[in-house]
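**Student:** Below you'll find the structure I mean.
There are 2 protein chains.
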Amino acid sequence: MVNQLKQENIRGIFIQAAKNTLKSEGIKALSAREIGKATGFSYATIYNYFKDMNELCEVCMLEFLEECKEHVLSSAKSKSIKDMLKAYAMFFVQYPGLYALIFTDGNYVGRFYKQFSEKTEDMYKAVFDASEVETDNQKVPVLAFNAINGLLLAYINRNTPSDFAEFMQMLDAQIELLSI
Amino acid sequence: MVNQLKQENIRGIFIQAAKNTLKSEGIKALSAREIGKATGFSYATIYNYFKDMNELCEVCMLEFLEECKEHVLSSAKSKSIKDMLKAYAMFFVQYPGLYALIFTDGNYVGRFYKQFSEKTEDMYKAVFDASEVETDNQKVPVLAFNAINGLLLAYINRNTPSDFAEFMQMLDAQIELLSI
DNA sequence: TTGGAAATTTTAACACCGTTAATTATATTG
DNA sequence: CAATATAATTAACGGTGTTAAAATTTCCAA
Chain A
-19 MVNQLKQENI RGIFIQAAKN TLKSEGIKAL SAREIGKATG FSYATIYNYF KDMNELCEVC
41 MLEFLEECKE HVLSSAKSKS IKDMLKAYAM FFVQYPGLYA LIFTDGNYVG RFYKQFSEKT
101 EDMYKAVFDA SEVETDNQKV PVLAFNAING LLLAYINRNT PSDFAEFMQM LDAQIELLSI
Chain E
-19 MVNQLKQENI RGIFIQAAKN TLKSEGIKAL SAREIGKATG FSYATIYNYF KDMNELCEVC
41 MLEFLEECKE HVLSSAKSKS IKDMLKAYAM FFVQYPGLYA LIFTDGNYVG RFYKQFSEKT
101 EDMYKAVFDA SEVETDNQKV PVLAFNAING LLLAYINRNT PSDFAEFMQM LDAQIELLSI
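Quick note, the sequences are listed as chains A and E, same order.
Per the numbering used here, the first sequence runs over residues -19 to 160.
Per the numbering used here, the second sequence runs over residues -19 to 160.
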């Protein structure tokens, strides 16, 4: 019982350390040894609490997705889909490493992708439900977010456009083009 | 003179070997040792012809981008933007590893991203020019491709949707939603 | 309280990776 | 042919994830 609690705590310590690294330095900086140093444990102790580094990453991903959802629902300037999609984009502009982790690094989707994909689509639909947009087409929320993801992909991973202001213009234009 | 030719040939051998691996097995399977084995050279010989593995990858990326452009311009069913965007998507569905390499693996964009981004946008515009679409908005080609890239990102990197037929439906719906 | 069993942590090791320096082999040229 | 320049190879370093064995700590009953 007490043991259980302690185990959960230590697991949480590893998760927190990994999240810190992922947020500040990105996945390239994450390693078993680095987490060991950050937590004061040996580098191998992690393997008593996670099957492998992938599992640790996947747990972080799920938590980040939750953070993202909360950020969108709480910080959007209005309930217009434009502002909500902007809030979504801003989350990843603020934490570009998380975008790479969640959307582009295939290594760490692995076993959990089903659970993860479902949770992502749930978020998309939740945001649309919270917005003032009405559409019969079930696909529209997913498509809209996909389009924004494509924009983020170019901006975050490839520095295109290279300027933030221009990125914002592209974001506006993209939402305009989607005509939702 | 003869030397120069020989050097170019060996460089080409490494590039070809790397391209084969990237196409068939993706970037995770690529390593200096693996290329050494595939070409019959030692693993360190590559460093006489490329600054590092990144440079080798970047050269491959540029060549793949060219292949992609040729594929779109030659194999699209018609000059409608719908068919051309479909041809674009099909190229990466056929070689999913290349999509990961070109668009999502930040490691290998590195130094060359400017040259590479420009070449990508050139391709987008070339495709639009070759199509029957007319638009005043310079941004439209880039935005349309970004949206398709977002779709590819979900399908290739995250298996969403998990079914090819459904992906094709999403593709149609995305182009529809863009109303171009 | 103490001794032994169970649980946990750490150390050492293995197989990879990219990369570099020194060595060996090959080719070129006087 | 010998000396030199060029190219390829081997050995090594520091990094990675991961596992097995050793060391340590925790726990509980006598």
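Just so it is clear, CB atoms sit at the ideal spot from N, CA and C, and this is done for glycine as well.
Please name the residue, chosen from E:Leu133, E:Asn129, E:Leu123 and E:Ala145, that lies closest to leucine 158 (chain A) on a Cα-to-Cα basis.
**Tutor:** Sequence index remark: in the first sequence, residue 158 (chain A) carries index 178 (1-based). Considering only alpha carbons, the answer is E:Leu123.
**Student:** How many angstroms separate the CA atom of alanine 127 (chain A) from the CA atom of glycine 20 (chain E)?
**Tutor:** Translated into positions along the first sequence, residue 127 (chain A) becomes position 147. Translated into positions along the second sequence, residue 20 (chain E) becomes position 40. Cα to Cα, alanine 127 (chain A) sits roughly 44 Å from glycine 20 (chain E).
**Student:** Closer than 9 Å by beta-carbon distance: list the chain A residues that pair up with asparagine 34 (chain E), in chain order.
**Tutor:** Position 54 of the second sequence, counting from 1, holds the residue named residue 34 (chain E). None at all; the shortest Cβ gap to chain A is about 13 Å.
**Student:** Can you confirm whether glutamine 74 (chain E), when its beta carbon is compared against all beta carbons of chain A, has any partner nearer than 8 Å?
**Tutor:** Start at 1 with the first residue of the second sequence, and residue 74 (chain E) comes out as number 94. Glutamine 74 (chain E) does not count as touching chain A.
**Student:** What alpha helix (DSSP H) runs, 4 residues minimum, are completely inside the stretch 8 to 49 of chain E?
**Tutor:** Fully enclosed alpha helix (DSSP H) runs of 4 or longer: 12 to 19.
**Student:** Could you give the distance in angstroms between the alpha-carbon of valine -18 (chain E) and the alpha-carbon of phenylalanine 30 (chain E)?
**Tutor:** Here residue -18 (chain E) refers to the residue found at position 2 of the second sequence. Here residue 30 (chain E) refers to the residue found at position 50 of the second sequence. No answer about valine -18 (chain E) holds up, because its pLDDT of 49 lies below 50 and its placement is not dependable.
**Student:** Please state whether the Cβ-Cβ distance between valine 107 (chain A) and valine 39 (chain A) is less than 8 Å.
**Tutor:** The sequence position of residue 107 (chain A) within the first sequence is 127, counting from 1. The sequence position of residue 39 (chain A) within the first sequence is 59, counting from 1. Taking 8 Å as the Cβ cut-off, valine 107 (chain A) and valine 39 (chain A) do not qualify as a contacting pair.
**Student:** What number of angstroms, rounded off, separates the C-alpha of serine 4 (chain E) from the C-alpha of glutamate 47 (chain E)?
**Tutor:** Here residue 4 (chain E) is taken as the residue at index 24 of the second sequence, counted from 1. Here residue 47 (chain E) is taken as the residue at index 67 of the second sequence, counted from 1. When rounded, the distance between both Cα atoms is 15 Å.
**Student:** Return the CA-CA distance between valine 73 (chain A) and phenylalanine 125 (chain E), expressed in angstroms with no decimal places.
**Tutor:** Residue mapping note: residue 73 (chain A) aligns to position 93 of the first sequence, counting from 1. Residue mapping note: residue 125 (chain E) aligns to position 145 of the second sequence, counting from 1. If I take the Cα positions, the gap works out to 20 Å.
**Student:** Residues of chain E with CB under 7 Å from leucine 78 (chain A), in chain order?
**Tutor:** Locating residue 78 (chain A) in the first sequence gives position 98, where the first residue counts as 1. Those do not exist, as leucine 78 (chain A) stays about 13 Å from chain E at its closest Cβ, beyond 7 Å.
**Student:** Can you tell which of A:Ile(-10), A:Val120, A:Ala12 and A:Asn(-11) has its C-alpha closest to the C-alpha of methionine 33 (chain A)?
**Tutor:** Looking up residue 33 (chain A) in the first sequence gives position 53. Of A:Ile(-10), A:Val120, A:Ala12 and A:Asn(-11), the residue nearest in Cα terms is A:Ala12.
**Student:** Would you say phenylalanine -6 (chain E) lies against chain A (beta-carbon separation less than 8 Å)?
**Tutor:** Here residue -6 (chain E) is taken as the residue at index 14 of the second sequence, counted from 1. Taking Cβ atoms only, chain A never reaches closer than 8 Å to phenylalanine -6 (chain E), which makes this a no.
**Student:** Glutamate 114 (chain A) by DSSP, collapsed to three states: which one?
**Tutor:** Taking the first sequence and counting its residues from 1, the one referred to as residue 114 (chain A) is at position 134. Glutamate 114 (chain A): coil per DSSP, three-state reduction.
**Student:** Along the stretch 115 to 134 of chain A, what residues have a CB closer than 9 Å to any CB found in chain E?
**Tutor:** The residues in question are Asn117, Lys119, Val120, Val122, Leu123, Ala124, Phe125, Asn126, Ala127, Ile128, Asn129, Gly130, Leu131, Leu132, Leu133 and Ala134.
**Student:** Roughly how many angstroms separate the alpha carbons of proline 76 (chain A) and isoleucine 160 (chain E), rounded to a whole number?
**Tutor:** Taking the first residue of the first sequence as 1, we reach residue 76 (chain A) at position 96. Taking the first residue of the second sequence as 1, we reach residue 160 (chain E) at position 180. Cα to Cα, the separation comes out at about 30 Å.
**Student:** Start and end of the alpha helix (DSSP H) containing lysine 62 (chain A)?
**Tutor:** Counting from 1 along the first sequence, the entry for residue 62 (chain A) is found at position 82. That run of the alpha helix (DSSP H) goes 61 to 74.
**Student:** Check whether the Cβ of phenylalanine 44 (chain A) lies closer than 8 Å to any Cβ atom in chain E.
**Tutor:** Counted from its first residue, the first sequence places residue 44 (chain A) at position 64. No, phenylalanine 44 (chain A) lies away from the interface with chain E (no Cβ there is under 8 Å from its Cβ).
**Student:** With distance defined between alpha-carbon atoms, name the residue in A:Lys66, A:Asp63, A:Asn137 and A:Lys17 nearest to isoleucine 82 (chain A).
**Tutor:** Start at 1 with the first residue of the first sequence, and residue 82 (chain A) comes out as number 102. When each option's Cα is compared against that of isoleucine 82 (chain A), the closest is A:Asn137.
**Student:** Name the residue from A:Lys99, A:Glu146 and A:Leu151 whose alpha carbon lies nearest to the alpha carbon of glycine 130 (chain A).
**Tutor:** If you number the first sequence from 1, residue 130 (chain A) lands on position 150. The candidate whose alpha carbon is nearest that of glycine 130 (chain A) is A:Leu151.
**Student:** Once you ignore the five residues that flank proline 186 (chain A) on each side, which residues in its own chain have a CB closer than 6 Å to its CB?
**Tutor:** Because chain A here runs from -19 to 160, residue 186 (chain A) falls outside it and cannot be looked at.
**Student:** Kindly give me the distance between the Cβ atoms of proline 121 (chain A) and lysine 99 (chain A), rounded to whole angstroms, as I take these residues to be in contact under 8 Å.
**Tutor:** Residue mapping note: residue 121 (chain A) aligns to position 141 of the first sequence, counting from 1. Residue mapping note: residue 99 (chain A) aligns to position 119 of the first sequence, counting from 1. Wrong, their Cβ atoms sit about 14 Å apart, outside the cutoff.
**Student:** Output, in chain order, the set of chain A residues within a Cβ distance shorter than 9 Å of glutamine 154 (chain E).
**Tutor:** Counted from its first residue, the second sequence places residue 154 (chain E) at position 174. Going along chain A in sequence order, the residues near glutamine 154 (chain E) (Cβ under 9 Å) are Lys119, Leu123, Asn126 and Ala127.
**Student:** Return the CA-CA distance between aspartate 109 (chain A) and lysine 59 (chain E), expressed in angstroms with no decimal places.
**Tutor:** Looking up residue 109 (chain A) in the first sequence gives position 129. Looking up residue 59 (chain E) in the second sequence gives position 79. Going by the C-alpha atoms only, they are around 38 Å apart.
**Student:** Could you tell me the alpha carbon to alpha carbon distance between alanine 80 (chain A) and alanine 134 (chain E), rounded to whole angstroms?
**Tutor:** For the purposes of this step, residue 80 (chain A) is identified with residue 100 of the first sequence, where counting begins at 1. For the purposes of this step, residue 134 (chain E) is identified with residue 154 of the second sequence, where counting begins at 1. The straight-line gap from Cα to Cα measures roughly 13 Å.
**Student:** For methionine 41 (chain A) versus phenylalanine -6 (chain A), is the C-beta distance shorter than 8 Å?
**Tutor:** Counted from its first residue, the first sequence places residue 41 (chain A) at position 61. Counted from its first residue, the first sequence places residue -6 (chain A) at position 14. Not a contact, by the Cβ cut-off of 8 Å.
**Student:** For alanine 9 (chain E), count neighbouring Cβ atoms within 10 angstroms of its own Cβ and tell me buried if that reaches 16, exposed if not.
**Tutor:** To locate residue 9 (chain E), count along the second sequence from 1; it is residue 29. That one is exposed.
**Student:** Looking at chain E, is there any beta carbon in it that lies within less than 8 Å of the beta carbon of leucine 2 (chain A)?
**Tutor:** On the first sequence, residue 2 (chain A) is found 22 positions in, with the first residue counted as 1. Not closer than 8 Å to any Cβ of chain E, the Cβ of leucine 2 (chain A) fails to qualify, so no.
**Student:** Roughly how many angstroms lie between the CA atoms of isoleucine 61 (chain E) and glutamine 149 (chain E), to the nearest whole one?
**Tutor:** Locating residue 61 (chain E) in the second sequence gives position 81, where the first residue counts as 1. Locating residue 149 (chain E) in the second sequence gives position 169, where the first residue counts as 1. One C-alpha to the other measures close to 16 Å.
**Student:** Do we get a CB-CB distance below 8 Å when we pair leucine 157 (chain A) with the residues of chain E?
**Tutor:** Your numbering for residue 157 (chain A) matches position 177 in the first sequence. Output row for leucine 157 (chain A): interface = yes.
**Student:** Report the three-state DSSP secondary structure of glycine 77 (chain A) (helix, strand or coil).
**Tutor:** Here residue 77 (chain A) corresponds to residue number 97 of the first sequence, with the count starting at 1. Note: glycine 77 (chain A) maps to helix in three-state DSSP.
**Student:** Nearest CA to the CA of isoleucine -10 (chain E): which residue from E:Lys66, E:Gly16, E:Asp85 and E:Asn139?
**Tutor:** The residue labelled residue -10 (chain E) in the question sits at position 10 within the second sequence. Of the candidates E:Lys66, E:Gly16, E:Asp85 and E:Asn139, the one whose C-alpha sits nearest the C-alpha of isoleucine -10 (chain E) is E:Gly16.
**Student:** Leaving aside the five residues before and after phenylalanine 44 (chain E) along the sequence, list all residues of the same chain whose C-beta is less than 7 Å from its C-beta, in chain order.
**Tutor:** In the second sequence, the residue the question calls residue 44 (chain E) occupies position 64. Closer than 7 Å at Cβ, skipping near neighbours: Leu78 and Ile82.
**Student:** How big is the Cα-Cα spacing for glutamine -13 (chain E) and isoleucine 7 (chain E)?
**Tutor:** Within the second sequence, numbered from 1, the residue matching residue -13 (chain E) stands at position 7. Within the second sequence, numbered from 1, the residue matching residue 7 (chain E) stands at position 27. Looking at the two C-alpha atoms, the distance is approximately 25 Å.
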